[in-house]
Amino acid sequence: MERWRAHALRVGIEGADVGTPVTVIVPTFNERDNVAELVARSAAALAGYDAEILFVDDSTDDTASEVERVAADAAIPVRVIHRAENTGGLGGAVVVGLEAAAADICIVMDGDLQHPPELLPVLMARHGEGDADVVAASRYVGGGDTSGLGTAVRFGVSRVATWLTRAMFPIRLARSTDPMTGFFLVDRRRLDLSVLKPQGFKILLEILARNDLRIAEVPMEFAERRHGTSKASLRQGATFIAHLARLRFGKMSLFALIGAIGAAANLGIMWALTASGVPYIWAAVIGAEVTIIGNFLLQERFVFADMRTDARALGIRFASSFAFNNVEAALRIPVMALMVESWHISSVLATGLSLIVAFFARFLFHSLVVYAPQRRKRNGDSPAAEPPTDTAAQRVIRAIDVEVMKPGEL
Ligand code: GDD
Ligand code: MN
């Protein structure tokens, strides 16, 4: 418990950000018994600040009326929004809070006191340093602590999920050791709330993945839950995996789906043609070309629709896509033969590997070349803000990250 205090002194709580209005957003689901203590400790921690507490409640118990009772003699303004319908779960509640907050600086904090309210001014002070849009309270930076996570299993799952997530978003999460934390400050003005599609618990991840934000962290000790029970569940785990896949592979999964439909169509066409007497070489050529054209049209319509206006003309897009797919189809067989010959692997394995490589090559070529925005990096919008010290390789990786991040849900 002493460590956050030491940190608080280090970052200099006094002064820095006291004049900035702040809204503390607290999502609640049946947290009645925690409300009074949470309000008292938060109000004490934020004494001197222009602060409010905004509960966004989906409870089936009387948490909302308990908030109103406590609000009546609280030291700072306390409001509650009780949602008629629980859309998007915890994440949905946070977005409602961000929309309704009186202040632009918002701090999201759990309602069960696992997030020590004493850290509120520490988050404010860190934000006051002026170099971050998001300040997250991390369980994994120096001085952070995860003891409150409970069982070893829960701890392991949490670590693996964090590691997996960071590996999947190597650029956006480069400065975030704990993208799953539910305790963070965010400057609402830096966010496009309309792009958020909250789903379950991982609202910070949603915010970081869909917005290009500067992240800072402070260590936190994740405490034991005070009263009531956790709403984390296997179902939340599954929601999380789906959320990750949707965020990370939005465009790519649609691209893959269309590719798979194309492959099936290709086989169907070949079968129909050979059955009606067309020589199989011709059947293969016709099947391949029809599929390449069909895939292009579907991808134009469904995968890259949002990128068409900034890309080159339709004719050029088609020509480059058509050329790439033909070269790729022509090269795949000899490359496979080479793999079988020189690596002595089975032809089935070689086919599998070549298809995987071809898939990624095709996806990258289409997002980075065929649909490349023509005004990119010239018109001063965010990609141009890259530091000039980036190497060519870093720029390519960054560009891939940006492309793959474009939303394109199934
Ligand atoms: N409004 C609303 N609606 N609030 C909800 C809902 C919901 O559907 N589900 C949960 N909450 C509230 C809880 O009442 C609590 O205040 C907070 O969200 C966190 O829920 P817990 O049930 O306490 O979850 P946890 O302790 O397992 O998870 C916490 O730690 C995770 C990291 O391990 C949260 O902070 C997560 O965001 C975080 O990822
Ligand atoms: Mn909790």
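Residue numbers (the numbering used here): 41 to 450. Cβ atoms here follow ideal geometry from the backbone N, Cα and C, with glycine treated the same way.
DSSP places Ser361 in the uninterrupted alpha helix (DSSP H) bounded by Leu354 to Trp383. Here Ile147 is not near Leu253, since their CB atoms are 9 Å or more apart. Contact between the region 118-131 and the region 237-245 is present: 3 or more CB-CB pairs across the two stretches fall below 8 Å. The beta carbons of Ile326 and Asn365 sit no closer together than 9 Å. Sorted by position in the chain, Asp150, Asp152, Gln154, Arg265 and Ser270 make up the residues whose C-beta lies under 6 Å from a heavy atom of the ligand MN.
Within the same chain, Asn335, Leu338, Gln339, Phe342 and Val343 come within 8 Å of Ile298 by CB-CB distance, once the 5 residues on both sides are set aside.
A contact is defined here as three or more CB-CB pairs under 8 Å, and the region 257-270 meets this definition with respect to the region 147-162. Using a Cβ-Cβ distance cut-off of 8 Å, the region 393-411 and the region 362-376 are in contact, since at least three pairs of beta carbons, one from each stretch, lie closer than that value. DSSP, read as helix, strand or coil, puts His122 in strand. Fully contained in the region 55-107 are the following beta strand (DSSP E) runs of length 3 or more, in chain order: 62-68 and 91-97.
Put simply, the backbone Cα of Phe358 is about 13 Å away from that of Val330.
Within a 10 Å sphere around the beta-carbon of Leu287 sit 16 or more other beta-carbons, which makes this residue buried. In this structure Ile116 does not touch Ile145 by the C-beta definition: roughly 15 Å separates them, more than the 8 Å allowed. Pro161: not part of any beta strand (DSSP E); member of the alpha helix (DSSP H) spanning Leu160 to Gly168, first to last residue. According to DSSP, residue pairing for Val175 in a beta bridge involves Leu225 and Ala256.
A distance below 6 Å between beta-carbons, with the five flanking residues on each side excluded, links Glu106 to the following residues of its chain, in chain order: Arg72 and Val75.
With contacts defined by Cβ atoms closer than 9 Å, Ser216 and Glu257 form a contacting pair. With fewer than 16 neighbouring CB atoms inside 10 Å of its own CB, Gly355 falls in the exposed class. Classified as buried, Ser407 has 16 or more neighbouring CB atoms from the shown chains inside 10 Å of its CB.
The three-state secondary structure of Ile116, taken from DSSP, is coil. Take Arg352, set aside five residues on each side of it, and the residues of its chain with a beta-carbon closer than 7 Å to its own are Gln414, in chain order.
Following the DSSP letters along the chain, one finds Ile147 inside the beta strand (DSSP E) bounded by residues Ile145 to Val148. Shown here for Ala140: same chain residues with a beta carbon closer than 7 Å to its own, the five before and five after excluded, namely Leu94 and Ile121 in chain order. Judged by DSSP secondary structure, Arg215 falls outside any alpha helix (DSSP H); it is assigned neither H nor E.
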